[in-house]
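K.L.:
My questions all concern the structure below.
6 protein chains.
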Amino acid sequence: MSNTILKNIPSLPNIPWEDRPAGKQNSPLWRYSGNPIIPRDLTRDSNSIFNSAVVPFEEGFAGVFRCDDTSRRMNIHAGKSTDGINWIIDDDPIDFIKTAPELPDSEYKYDPRVVFIEDRYYIIWCNGYFGPCIGLGYTFDFKKFYQMENALMPYNRNGVLFPRKIHGNYALLSRPSDSGHTPFGDIVYSESPDMIYWGKHRHVMQPAGTESAWQSKKIGAGPAPIETTEGWLLFYHGVLNSCNGFVYSFGAALLDLDKPWQVIARSRPYLISPQEIYECAGDVPNVTFPCAVLTDGDTGRLAVYYGCADTVTGLALGKVDEVVDFIRKNSL
Amino acid sequence: MSNTILKNIPSLPNIPWEDRPAGKQNSPLWRYSGNPIIPRDLTRDSNSIFNSAVVPFEEGFAGVFRCDDTSRRMNIHAGKSTDGINWIIDDDPIDFIKTAPELPDSEYKYDPRVVFIEDRYYIIWCNGYFGPCIGLGYTFDFKKFYQMENALMPYNRNGVLFPRKIHGNYALLSRPSDSGHTPFGDIVYSESPDMIYWGKHRHVMQPAGTESAWQSKKIGAGPAPIETTEGWLLFYHGVLNSCNGFVYSFGAALLDLDKPWQVIARSRPYLISPQEIYECAGDVPNVTFPCAVLTDGDTGRLAVYYGCADTVTGLALGKVDEVVDFIRKNSL
Amino acid sequence: MSNTILKNIPSLPNIPWEDRPAGKQNSPLWRYSGNPIIPRDLTRDSNSIFNSAVVPFEEGFAGVFRCDDTSRRMNIHAGKSTDGINWIIDDDPIDFIKTAPELPDSEYKYDPRVVFIEDRYYIIWCNGYFGPCIGLGYTFDFKKFYQMENALMPYNRNGVLFPRKIHGNYALLSRPSDSGHTPFGDIVYSESPDMIYWGKHRHVMQPAGTESAWQSKKIGAGPAPIETTEGWLLFYHGVLNSCNGFVYSFGAALLDLDKPWQVIARSRPYLISPQEIYECAGDVPNVTFPCAVLTDGDTGRLAVYYGCADTVTGLALGKVDEVVDFIRKNSL
Amino acid sequence: MSNTILKNIPSLPNIPWEDRPAGKQNSPLWRYSGNPIIPRDLTRDSNSIFNSAVVPFEEGFAGVFRCDDTSRRMNIHAGKSTDGINWIIDDDPIDFIKTAPELPDSEYKYDPRVVFIEDRYYIIWCNGYFGPCIGLGYTFDFKKFYQMENALMPYNRNGVLFPRKIHGNYALLSRPSDSGHTPFGDIVYSESPDMIYWGKHRHVMQPAGTESAWQSKKIGAGPAPIETTEGWLLFYHGVLNSCNGFVYSFGAALLDLDKPWQVIARSRPYLISPQEIYECAGDVPNVTFPCAVLTDGDTGRLAVYYGCADTVTGLALGKVDEVVDFIRKNSL
Amino acid sequence: MSNTILKNIPSLPNIPWEDRPAGKQNSPLWRYSGNPIIPRDLTRDSNSIFNSAVVPFEEGFAGVFRCDDTSRRMNIHAGKSTDGINWIIDDDPIDFIKTAPELPDSEYKYDPRVVFIEDRYYIIWCNGYFGPCIGLGYTFDFKKFYQMENALMPYNRNGVLFPRKIHGNYALLSRPSDSGHTPFGDIVYSESPDMIYWGKHRHVMQPAGTESAWQSKKIGAGPAPIETTEGWLLFYHGVLNSCNGFVYSFGAALLDLDKPWQVIARSRPYLISPQEIYECAGDVPNVTFPCAVLTDGDTGRLAVYYGCADTVTGLALGKVDEVVDFIRKNSL
Amino acid sequence: MSNTILKNIPSLPNIPWEDRPAGKQNSPLWRYSGNPIIPRDLTRDSNSIFNSAVVPFEEGFAGVFRCDDTSRRMNIHAGKSTDGINWIIDDDPIDFIKTAPELPDSEYKYDPRVVFIEDRYYIIWCNGYFGPCIGLGYTFDFKKFYQMENALMPYNRNGVLFPRKIHGNYALLSRPSDSGHTPFGDIVYSESPDMIYWGKHRHVMQPAGTESAWQSKKIGAGPAPIETTEGWLLFYHGVLNSCNGFVYSFGAALLDLDKPWQVIARSRPYLISPQEIYECAGDVPNVTFPCAVLTDGDTGRLAVYYGCADTVTGLALGKVDEVVDFIRKNSL
């Protein structure tokens with residue numbers, strides 16, 4: 001067993017936790033027994049609450065949640081929790097304050113990620129502007145939210161910021177897309193001195209072949225990368241195109257700390273794939289889609305929040321050294 | 001609350017009924033607790049019984065039911081019930097008597113609707129004649145059934161008659177289609193002086209955009225429109241094209257009494273979407289598809305029969321004034 | 001050689017004519033040596049003038065022409081000619097007078113046919129009304145044009161009227177379509193007592209197989225059927241789906257005089273296929289598409305007007321008895 | 001009731017068995033009450049274990065199993081069982097010994113069938129060699145396995161050998177395919193003198209139309225044909241293309257004993273279609289896919305092993321005479 | 001006639017020129033009589049030379065040319081001309097010097113544009129880097145060429161720089177794409193302080209509907225915008241999806257000088273569409289694709305270089321005031 | 001220059017010939033000045049005559065020709081010529097005598113190749129048997145033709161025999177296909193001891209990437225391989241998928257004499273691509289498709305017969321040593 005240690009990550013003693021259940025263990029992650037932790041109809045108008053971005057905040061936790069309403073409009077809502085399991089989510093979507101009057105409007109918002117950098121919580125989401133692109137905003141308090149320039153052009157999805165600057169720049173992963181449901185998908189790295197202008201794009205990973213078919217159709221970054229002594233730990237989803245529909249699983253990769261577009265290791269097996277009924281049946285069958293991970297700097301515990309069947313939210317647990325070991329031993 | 005009143009609709013004290021359950025209420029419809037009320041294998045050869053057209057008849061109820069047999073042949077069968085919940089459905093399909101010898105044969109029949117107009121029960125269905133088109137017939141007694149000329153050309157589906165003449169003509173809604181599974185779908189209004197020749201086609205509604213995505217791919221009329229003091233109340237299905245398959249939900253619209261191609265209000269949220277396991281899993285995952293509604297002229301009670309996963313039949317209940325209010329308050 | 005005679009067709013001594021050139025003769029039609037007779041840029045704004053409906057009128061000829069302008073807007077224009085070869089076409093599209101105020105507007109018009117019935121010239125075209133459908137109008141003088149109700153619902157194309165009533169009804173052929181470029185296509189027959197309401201739809205012909213591959217993808221009626229002692233002579237186009245695009249050729253069929261949905265004979269070989277450079281190259285490569293035919297009741301001469309590469313107009317000549325013989329001898 | 005008798009089939013008193021449950025009986029097959037008998041995670045790395053080829057072996061049973069691992073790599077594993085219900089499957093895939101050094105490598109293996117001919121057990125599977133083709137091997141003892149030349153070219157799937165030579169040749173059914181998920185599929189018969197060179201290909205069956213829609217998109221042979229006094233009994237799967245995905249059911253056919261490309265009878269209804277939750281939900285929704293059948297020569301009992309939702313393995317039971325009678329009475 | 005004057009554009013007395021020919025004039029552009037001016041096989045290995053970026057240089061002209069070689073590899077070559085008509089193009093592709101060692105390699109290069117800004121000639125092209133993206137480089141002398149960071153992420157095409165900074169930033173138009181041939185296409189505006197990091201993306205134009213069908217499928221910027229007293233004059237191509245393939249025409253738009261994402265006028269008719277045989281037939285039928293325009297600040301003369309059938313290069317001529325008037329009078 | 005010498009190839013002093021014209025020479029092949037040598041309408045009913053298999057025969061030449069008739073039925077006809085340029089082709093298709101009564105019928109025939117092996121001329125063609133497969137027959141005299149078993153299963157095209165046995169077996173190249181127009185295509189090698197049973201399939205070549213885009217979509221063998229001192233010289237076609245249709249060019253490869261599935265060299269540039277108007281416009285635009293080559297053992301002269309636009313037949317000339325050198329110097 002390696003001795004992978006989380007870097008620059010504070011202790012989080014109240015991280016949601018449950019020990020690994022007994023039995024067959026071919027993944028370093030296991031499901032929380034109370035899954036799904038967030039039901040589809042928690043808010044006033046929600047049809048589904050699934051891709052959920054959660055961070056430690058004050059004494060407990062805060063988050064930004066994709067809530068599709070019963071008109072199947074996609075939007076993101078703020079929420080709070082004392083234990084990371086039981087959530088109170090605002091009935092109304094976040095009402096962003098534009099940081100500049102000429103900022104373009106947002107036709108819809110979905111799949112948020114939240115990352116704390118320096119002094120504030122950045123929110124990144126898929127933003128509707130003549131197609132999907134990378135929306136960007138921030139909050140200090142999960143009460144007032146500010147919207148910035150879109151990070152990149154349409155068509156793009158699955159944008160996630162790194163939790164600190166690299167080479168003096170903000171750093172971003174994204175998944176260039178098309179205007180529809182996108183039958184392809186690679187992960188690309190970009191930098192920005194100011195979160196307005198982005199460049200120095202570098203290709204990171206593309207889908208795998210039959211040797212890792214769960215990620216053979218398209219891939220996309222999940223939660224913000226986690227800094228470890230071994231590299232950036234990135235959970236990411238992958239899609240298999242079966243003879244009767246898609247399957248969304250997720251795995252993890254280690255990226256070089258200084259050149260994050262260089263892949264050190266990448267899990268050939270998935271970590272979680274749709275197997276429980278709440279993952280297999282719902283608005284979008286066969287989806288497990290991670291958008292956030294809590295980490296405890298002391299123990300290396302990880303709590304991964306993932307969308308289930310695009311309907312409800314599940315929680316998976318694990319430890320950073322076991323995950324890193326697993327990736328290294330089972331690397332593509 | 002408005003005071004919407006049903007027009008020209010007799011009392012139906014034995015309408016299937018169950019009061020709204022306690023709890024979150026963001027739709028004016030709720031599911032019957034005994035769903036699904038018709039199992040897939042009720043008749044001798046049935047693989048599935050789902051899109052079901054039910055009317056009051058004599059002391060109880062009669063209906064015409066889509067029964068796919070275990071050869072997956074699509075046909076329509078007559079059935080009876082004393083309570084609208086427990087049904088006896090004929091093992092054999094309806095054997096229509098042609099009203100004229102030169103009437104073309106039917107390659108298959110599915111998705112029936114039944115409407116009483118003046119002196120008889122008209123049956124409308126999707127009729128196979130070099131592709132799907134609108135079949136038309138009638139019965140007086142649910143014993144003998146007569147087949148008429150097809151109402152429109154191929155390719156068409158989801159035909160429903162209005163329960164009375166408009167401008168002295170029979171009036172029909174339909175959904176022009178293609179020869180396959182049809183990736184588009186609008187609702188169109190037509191008139192006929194004699195149920196043989198049809199014309200004066202007027203466009204009624206097309207799919208919505210992201211502001212009501214459950215109906216963004218295609219839409220189609222459900223049960224026969226219900227006359228109310230506020231307009232024609234039309235339940236209709238809508239389809240969302242998710243990243244992994246279709247979802248069939250249903251909502252409702254109010255159409256102008258005199259010019260039914262003019263839409264007064266149209267529900268932005270769905271009323272029912274696939275959420276129960278018998279709606280999410282089955283021969284066609286994620287389908288809730290209404291084909292009939294019983295109405296009680298006295299109380300305004302509504303009982304909507306809808307196909308579940310193209311496998312079994314479910315029942316949803318509500319009140320006309322609450323439905324109309326909901327549409328008006330949540331209109332596209 | 002049979003003795004097929006045109007029925008109910010007046011003499012037309014000034015029909016455009018040129019004798020069959022010497023050489024190989026495996027079609028009863030031959031091209032006019034001055035093809036294309038109408039260039040793409042004849043009118044002020046025209047990008048192309050191709051699918052053209054021509055009839056004898058007064059001392060010469062009149063017609064309605066598809067003229068796409070340089071915005072690639074599709075519309076129909078009136079035109080006149082003394083010899084049927086040299087045309088003067090109006091720079092502006094026909095401005096139809098609605099026969100009823102509530103008639104829906106037309107988003108675009110294309111592919112006209114003109115048929116004289118009883119006392120007037122009917123114009124039928126593909127009319128944009130939430131998709132392609134069959135537009136209908138008439139004129140007495142090619143100056144004032146009146147628009148009627150659309151003949152059928154969307155989606156439909158290639159509507160042509162028979163030149164006289166059948167069973168006391170107006171009779172129409174059309175080609176049910178989808179909302180796009182339509183990868184299928186059969187010909188269907190319909191009747192109407194009043195040109196407003198249409199019914200009694202009967203299937204006429206569907207695409208052929210490999211034994212007549214030029215018409216294996218889709219087919220559609222061309223000019224109005226010509227009454228002969230042997231049946232209705234119908235020129236129609238057929239489409240082959242090659243390994244690199246479509247090819248539009250045309251052939252002819254004989255339909256029963258009383259039951260026109262019954263096919264007496266149907267040409268296995270094409271009569272004309274794209275072989276000249278003005279038929280092979282242009283806005284739409286490899287198209288020969290007939291929309292009108294002049295007939296001389298005395299001599300049986302035929303002059304077929306056909307669109308070439310959706311860009312210019314060509315003329316093909318032949319004799320009715322030779323065409324009918326050819327169909328009979330080479331029938332599918 | 002006929003008196004169909006199994007030919008050349010030894011007694012198998014320990015065949016897994018359970019009598020038909022009471023109730024509606026419109027198929028001669030019924031499900032084993034302990035389904036699914038093989039869970040998805042039985043082996044060390046398995047994501048799913050489903051298309052399973054089982055034969056009597058020594059005192060019990062042996063088999064070859066498709067096990068996709070958690071990298072979603074497809075491979076085949078050997079297994080053993082004393083009762084045919086409870087299985088021990090090797091954690092590692094079969095390591096074939098090449099019968100000639102120049103034999104091409106296998107990129108992946110899936111969907112095995114096992115057939116005993118003369119002196120050994122032949123294994124046939126879908127073998128990755130620049131696309132899917134028919135892999136071929138044999139074993140005497142389920143310990144050492146030998147790989148032979150691929151039986152046919154890419155692209156092919158669903159190869160099954162007949163259990164004895166026909167016309168002095170080995171005989172094979174297969175399903176020519178394309179390089180992807182293949183939207184078509186017929187069954188073809190081939191012969192070989194030596195299992196190296198194959199020829200005399202004869203077309204056996206193609207998909208049905210709307211009269212048997214469960215097999216209207218594509219079909220493929222299942223377990224090895226069973227010799228009976230009435231002909232070869234072939235279980236085969238069929239696919240329906242619903243408006244929201246595919247459904248894989250299975251039926252059976254009788255083929256001529258001497259000319260197996262001649263179909264004597266073919267079940268219009270399916271025998272088993274996806275109806276249980278473990279058949280409807282899983283990695284591939286709505287799949288029941290037979291790959292093996294045990295037969296008891298004494299009693300005519302049949303035990304069909306079939307993949308469920310491409311995730312787990314189910315068992316269906318029946319009797320040969322009832323199955324044959326059913327096919328004959330309900331033949332296409 | 002307006003008095004549109006070119007801004008910031010030097011005189012170019014030796015601009016290639018030929019007066020407008022007599023005859024019908026429904027476009028302000030006309031073709032050069034010696035078209036095509038560059039044949040397909042001008043260089044040693046060229047299969048085709050078509051999308052060509054030309055600027056005044058020293059006493060004559062220089063340019064960068066898309067030359068596909070006979071391996072159908074796409075690359076860009078430098079060339080020179082004294083008269084803008086007769087060109088000498090290097091047999092070998094441009095060998096770019098990387099401005100930083102870590103710059104990613106280019107898999108292919110095509111469709112260059114050249115723009116002089118401040119002190120150098122910038123070259124922009126479609127650059128292969130895990131899909132098409134916007135390559136960027138510069139030269140001072142058309143001998144040494146320097147490659148910079150890619151301007152934007154994949155997948156993007158048709159990037160063109162404005163000839164001066166706007167709001168103190170470099171300004172760029174591009175056309176977000178997918179990884180294939182891209183069935184959609186809008187024009188988007190972006191800014192950069194340093195040509196490395198890009199942001200402030202603003203949507204400019206999307207395809208039109210049936211009222212301007214030549215540009216109804218996708219659009220993309222052509223040559224660098226030309227500054228005039230009326231706004232930025234932008235030539236751009238548009239694509240029509242006919243029933244048998246695409247047609248690439250081009251038109252022009254006026255963009256606001258200060259907010260170039262605001263469209264002042266946009267030509268409803270095309271200016272040039274494929275009509276000559278060298279535009280209709282070739283490696284890609286029916287393509288006219290502009291990539292460069294020369295302008296004479298004194299006379300307002302314009303010389304547009306455009307690719308013909310993706311095979312050869314053509315030249316079209318016109319005057320700025322006539323073009324601007326035409327756009328204004330015929331604006332969408 | 002190498003000294004490649006033809007092996008086992010007799011002298012053919014009357015091979016059609018014309019010296020290389022002066023001018024740019026970036027291919028070792030040049031077109032015959034009298035192209036196309038066979039017009040589309042040479043026979044009584046022909047629509048097109050293009051993919052043509054020619055061999056020396058008696059004092060002159062004989063051949064088998066794909067002639068599509070004006071019903072667009074595909075069939076093969078025999079023909080003779082004294083000079084290889086001017087041909088007399090039978091008006092009627094070849095009437096094959098079945099070598100065994102149970103041989104399946106042929107739905108259509110196209111794209112023949114002819115190869116002399118040992119004592120007879122073998123004809124191989126694409127044969128319609130529930131889809132395209134490899135038909136096989138022979139003749140001694142081009143008068144009587146005998147049909148054998150189909151060589152392989154459907155779906156397959158572009159079968160060509162080697163002119164002598166390899167490893168004691170007949171040897172065949174083919175291109176596995178699907179049931180339609182096949183968007184993929186590799187070349188595969190097979191052997192047979194008796195021309196009835198085929199096996200030992202080995203993959204030879206697959207499409208190339210952007211470095212040789214003319215062959216990036218699919219490839220297929222052309223004429224029978226030519227034995228040389230350097231290996232088997234194989235002309236083969238390749239397809240590029242442009243943004244507006246396919247382009248069929250051809251190149252050549254050298255295969256190992258003993259293991260023909262091992263590629264020694266393969267031309268990165270094409271040898272001939274569609275550039276002449278008779279290659280760019282016709283029934284299938286942009287096709288040059290070789291099916292036969294004459295070779296003179298004395299001089300090394302080659303005369304390649306290739307279909308042009310699937311409409312007429314062209315001739316290209318060259319010398320074996322120049323072709324081999326070209327492949328070696330410009331190999332992928």
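Protein chains in written order, with the working numbering: chain X, 1 to 332; chain R, 1 to 332; chain G, 1 to 332; chain C, 1 to 332; chain A, 1 to 332; chain W, 1 to 332. Glycine residues also receive a C-beta, built at the ideal position from the N, C-alpha and C atoms. For clarity, every value in this text was computed on a predicted model and none was experimentally measured.
1) Return the chain-ordered list of same chain residues with a C-beta closer than 6 angstroms to the C-beta of C:I15, the five sequence neighbours on each side being excluded.
2) Helix, strand or coil for W:A281 per DSSP?
3) Are the beta-carbon atoms belonging to A:R266 and A:M195 less than 8 angstroms from one another?
4) Hey, out of C:R113, C:I219 and C:P28, whose CA is closest to C:A62's CA?
5) In the DSSP assignment, what residue or residues form a beta bridge with G:C291?
6) Do you know whose CA, among X:S192, X:Y306, X:R268 and X:L161, lies nearest X:V324's CA?
7) From the beta carbon of W:A213, is the nearest beta carbon of chain G less than 8 angstroms away?
8) Terminal residues of the continuous beta strand (DSSP E) containing C:K217?
9) Between G:G47 and chain A, is any beta-carbon pair separated by less than 8 angstroms?
10) In this structure, how does DSSP classify C:K144 when only helix, strand and coil are distinguished?
11) Contact defined as beta carbons within less than 8 angstroms: I believe R:R72 pairs with R:N47. What is the distance between those atoms, to the nearest angstrom?
12) Run through DSSP, which three-state label would A:I327 get?
13) With a CB to CB cut of under 6 angstroms and the five nearest residues on each side skipped, what residues in its chain are close to G:K200?
14) Can you give me the C-alpha to C-alpha distance between X:N156 and X:E118, rounded to a whole angstrom?
P.N.:
On the basis of the coordinates in this document:
1) L294, D296, R301 and A303
2) Looking at W:A281 - three-state DSSP - the assignment turns out to be coil, as it is neither helix nor strand.
3) No Cβ-Cβ contact shorter than 8 angstroms links A:R266 with A:M195.
4) C:R113
5) Beta-bridge pairing links G:C291 to no other residue.
6) Among X:S192, X:Y306, X:R268 and X:L161, the Cα nearest to that of X:V324 belongs to X:R268.
7) So, not an interface residue.
8) Per DSSP, C:K217 belongs to no beta strand (DSSP E) and is neither H nor E.
9) At residue 47 of chain G the sequence reads Asn, which differs from the Gly that was named. Cβ-Cβ to chain A under 8 angstroms: yes for G:N47.
10) Reduced to three states, the DSSP call for C:K144 is coil.
11) 6 angstroms
12) Note: A:I327 maps to helix in three-state DSSP.
13) E191
14) 26 angstroms
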